[in-house]
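Below you'll find the structure, written out as structure tokens, and then a few comments.
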DNA sequence: TATCAGATTGTCT
DNA sequence: GACAATCTGATAG
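Numbering (our numbering), first residue to last: 100 to 331.
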């Protein structure tokens, strides 16, 4: 996919028509915008995981399980799927693919774009932040830092009227020369043979990434090996 | 730095 | 009734 987009412009609805596996690395480097009472928080996506299709045993929609919770995943791509995990944390996903094909990309880590964004995120965060990953390195942490809860389930990322949006990152979003690591997804032992699939993507050496894979050096690839949103 | 148990509730069987 | 796409603080080395 090669879309000509101006950095800062909202990603178009068509961006979300691809599979979750395609979208996961493409979302790296894109900008997540969140409207809060204190102002707009802007941050860059640095870690994602793909949960794709009814055959993925790691997915909430495995086997076509369509319930009140997973309903958003069955809709057209471009909506937010937000759910509660372990009774106290929320997780944010970007729904992709066509209607009735449940696929989503879990956003696992973001980094604040500017100092003002970091200030707002720290304010929302609550607990002690010593290192970058403490702020927003992890799906539960980033939702707290951005004030995301189930009220945002179904929000449309491509709509200017939405309180949660996705905009194009810099000229190299989806890459920009940074190496991308593809590694197994986190905490889904029940997914059996799907647990080992390298469907987690993150920027190597980025301090906001939640967990560093020991074999990341061997597994990392130049970003040019992944689909690009922008031409060079 | 690494490991571990506890927290806490919506969701599904 | 069991468990979850997690995080945190405590404890040991």
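Beta carbons are placed, not taken as given, at the ideal position from N, Cα and C, and that holds for glycine.
Asked, Found
"Where residue 169 falls: helix, strand or coil (DSSP)", "helix"
"Selected residue, minimal CA-CA separation from residue 159, among 146, 299 and 173", "173"
"DSSP three-state assignment for residue 104, whether helix, strand or coil", "coil"
"Beta carbon of residue 232 nearer than 7 Å to that of residue 185", "no"
"Straight-line Cα distance separating residue 167 from residue 331", "Here residue 331 scores only 27 on pLDDT, less than 50, and its place in the model should not be relied on; the value that follows carries that caveat. Distance between the alpha carbons of residue 331 and residue 167: 42 Å."
"contact_flag[the stretch 222 to 240, the stretch 248 to 263] where n(CB pairs < 8 Å) is 3 or more", "no"
"Paired residues, beta bridge with residue 300 - DSSP", "147 and 281"
"Short Cβ contact (7 Å threshold) for residue 245 with residue 140", "yes"
"Coarse secondary structure for residue 211, derived from DSSP in three states", "strand"
"Between the CA atoms of residue 157 and residue 287 - distance to the nearest angstrom", "6 Å"
"Beta-carbon proximity check, residue 284 vs residue 303, cutoff 7 Å", "no"
"Alpha-carbon spacing of residue 149 relative to residue 203, whole angstroms", "6 Å"
"Contacting residues, own chain, Cβ-Cβ under 6 Å from residue 239 (five flanking each side not counted)", "188"
"Buried/exposed call for residue 225, threshold 16 Cβ in 10 Å", "exposed"
"Residue 134 burial status per 10 Å Cβ neighbour count (16 or more: buried)", "exposed"
"Reference residue 220; option with closest CA among 247, 114, 123 and 205", "247"
"C-alpha distance - residue 201 paired with residue 305, whole-angstrom precision", "30 Å"
"DSSP-derived helix/strand/coil call for residue 219", "helix"
"Supposed contact pair residue 197 and residue 116 - C-beta distance, whole angstroms, cut 8 Å", "7 Å"
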